[in-house]
Structures are given as structure tokens and as C-alpha cells.
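As C-alpha cells, the structure follows; a few thoughts come after it.
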Amino acid sequence: MCDKDCHITGTKSASKQARGSDEITSPPIKNDLADIKAAMTEMMSSFKNELLKQFAPGEQTGPAIDHDLATIVNELLTEKLTKEKLEPVQDKYLKPENCENLVAPKINKPIWQQLKQETKNTDSTFQKIQQLALSSLYAVLQVCNNLSSKQNIEDSVIMLTHSIVLSLAANRELNLKRRDLLRSDLNKQYAALCNPSTPVSQYLFGDDLNKEMEDLSKASKLTKKVTPSQRMEPVRPRAIPKLLAEQSETVPEVENQ
11 MCDKDCHITG TKSASKQARG SDEITSPPIK NDLADIKAAM TEMMSSFKNE LLKQFAPGEQ
71 TGPAIDHDLA TIVNELLTEK LTKEKLEPVQ DKYLKPENCE NLVAPKINKP IWQQLKQETK
131 NTDSTFQKIQ QLALSSLYAV LQVCNNLSSK QNIEDSVIML THSIVLSLAA NRELNLKRRD
191 LLRSDLNKQY AALCNPSTPV SQYLFGDDLN KEMEDLSKAS KLTKKVTPSQ RMEPVRPRAI
251 PKLLAEQSET VPEVENQ
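In terms of the working numbering, the sequence shown opens at residue 11 and continues consecutively.
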């Protein structure tokens, strides 16, 4: 009887020990207040940094790029590439044949015929800018296509470089056109601020606007002093149709690009 009971008791004890060896336990709780305080401080610091990144009122920026590359970018933002340099790059990249609508869309002919000459000129300029941006996109698409088929990596780098050049050219032309559209709203003596010679920075009229305006104001006053006022003769009513006809002949028709 004892042997049987002892055997059962021994078996239970061994089973309990086996379960005890496999039992999953949590790590001991830190009782050191200094460690807890340090962990809380680190967590709060990380939290504040994340808040600053996401919601800081200032402009958020990415990491700096290569110095030489940044120099080229900044130069192309302000200096216009010559037609001889830009066109060969743009001509390399054409619309993929299976992306029919990836174009700068023309205005439908019935609408185009109703537009004023000034509106046609404006849209024609925007079409050219859009085509530059699309050429840049065509280059990027070729790179993606090359990488997916594991083609020469060197060719892809060249294409990406060309894409950067085309994008910067489009960006510059868009800046100039935006500024030119403001010309009619400005005081006449400051209209020259919209000329391509005015540099563009983070602001459309550059960082030295006050100085530019002061120089133009002085130049305007000087011009008034040295230029005699001219008396405008009224146009006779009979001469108006002839004058309008002459003006219409001198204005070239803009193509719907």
C-alpha cells in the first residue's frame, strides 16, 4: 500500500517539477527609480522630436543631397538652358506607345476658335511648359521600365539626370509665367519686376524686392524728368477701322501646340 502511495506521490512531484521547468515567467519588475526615470525621459524626448518633425510651423526639409548636385540644381533654377542644350535632351524621351493620353492636351478646336489672342498665347506657353514636365516623366518611366527588366544601371542613371534637368527647366518656365501673369495688376513703374532678369528664390520676386522696387522708382522719376510730355492727338472716328485692320495684320496667329 505504502509503495503504491509513495509511487503516486513521487509521480505527482516529478510532474510538478517538470511543469515548473517549462513555466513562462515575466522579467522581474525594475525597482530602481533612476532607471525608470531615465526610460521615461528618453521616451518623452523621442515623443517631442516626433511632434516637432510633424507639426513644426517652419518648412520641413529632407536630408541634404550631394554638394555638387545641389550646386547644379540651384544654378538651373535661376539660369535658363539654351535651346541648343535643352532640345537634344528633351528629344531623347518620347511618349510610350501604350500611354496614349500622357500628353499636353490641345484645346478642342471649337473652343480654340472662340478664344482671345492673349488667352491663346497664355495657353500655348503653358502647353510648352507641360511638355517639358512630361518629357521628364517619360525619362523616369524609361528608368522604371529598365530596372524592372534589369537593364544597364548606367543608362538609368543618365536618364534620371536628364529627368532632373527637364524638370528644373519646366519649373523655371512655370515660375516666369506665373510672374508674368501678375504684371497687369502691378503699378506700371514696377512692371519690369516681371521680366526674366529678376531672380527667383523662395519668393517669386527674389529676396531683394525692396531694393529692386527702389531702383525702379528712381529710374521712373529720372525718366519723367528727361522725357518731354507728348500730347496725344485724338484718333478720328473714320480712321479706327483702318487702324484695327493694321493691328490685326501685325499680330501672329498662335498655334494650338
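Ideal Cβ positions, reconstructed from N, Cα and C, are used throughout, including at glycine.
Residues near residue i in its chain [Cβ-Cβ closer than 6 Å; skip 5 each side]
i      : result
Leu86  : Leu178
Leu76  : Looking at the sequence shown, residue 76 is not Leu but Asp. Counting only Cβ-Cβ distances below 6 Å, and skipping sequence neighbours, we find nothing.
Ala80  : none
Gln257 : Low per-residue confidence applies at Gln257: pLDDT is 47, beneath 50, and the placement is therefore not dependable, though the value from the model is reported in the following sentence. Around Gln257: no qualifying Cβ.
Presumed contact (8 Å Cβ cut-off) between residue i and residue j, rounded CB distance
i      : j      : result
Ser139 : Lys187 : Note that residue 139 corresponds to Ile in the displayed sequence, not to Ser. The Cβ separation is near 7 Å, so the contact holds.
Leu176 : Ser134 : Wrong, their Cβ atoms sit about 19 Å apart, outside the cutoff.
Asp165 : Asn155 : About 11 Å separates the two Cβ atoms, so there is no contact after all.
Val236 : Thr88  : 33 Å between Cβ atoms; not a contact.
Residue i - DSSP class collapsed to helix/strand/coil
i      : result
Thr135 : helix
Leu86  : helix
Ser207 : coil
Glu110 : coil
Tyr213 : coil
Thr129 : helix
Glu183 : helix
Asn155 : helix
Leu142 : helix
Glu168 : In the sequence under discussion, the amino acid at residue 168 is Ile, which differs from the Glu named in the question. Reduced to three states, the DSSP call for Ile168 is helix.
Ala273 : Nothing in the structure corresponds to residue 273, since the chain is present only between 11 and 267.
Terminal residues of the alpha helix (DSSP H) in which residue i lies
i      : result
Lys116 : Segment: none, Lys116 is in no alpha helix (DSSP H) and carries neither H nor E.
Lys93  : 93-101
Ser194 : Here Ser194 belongs to no alpha helix (DSSP H), and DSSP marks it neither H nor E.
Ala229 : 219-236
8 Å Cβ shell around residue i - same chain, five flanking residues per side excluded
i      : result
Glu222 : Leu203, Thr208, Phe215, Gly216
Asp195 : none
Lys10  : The first residue shown for the chain is 11 and the last is 267, placing residue 10 beyond what the model contains.
Other residues of its chain near residue i: CB distance less than 7 Å, five sequence neighbours each side excluded
i      : result
Ser31  : In this prediction, Ser31 has a pLDDT of 49, which is less than 50 and means its spatial position is unreliable; nothing more can be read from the coordinates.
Leu151 : Pro106
Contact the segment 194-203 vs the segment 103-122: 3+ CB pairs below 8 Å: no
The segment 143-161 contacting the segment 92-112, beta-carbon criterion three pairs below 8 Å: With the cut-off at 8 Å, the segment 143-161 and the segment 92-112 touch.
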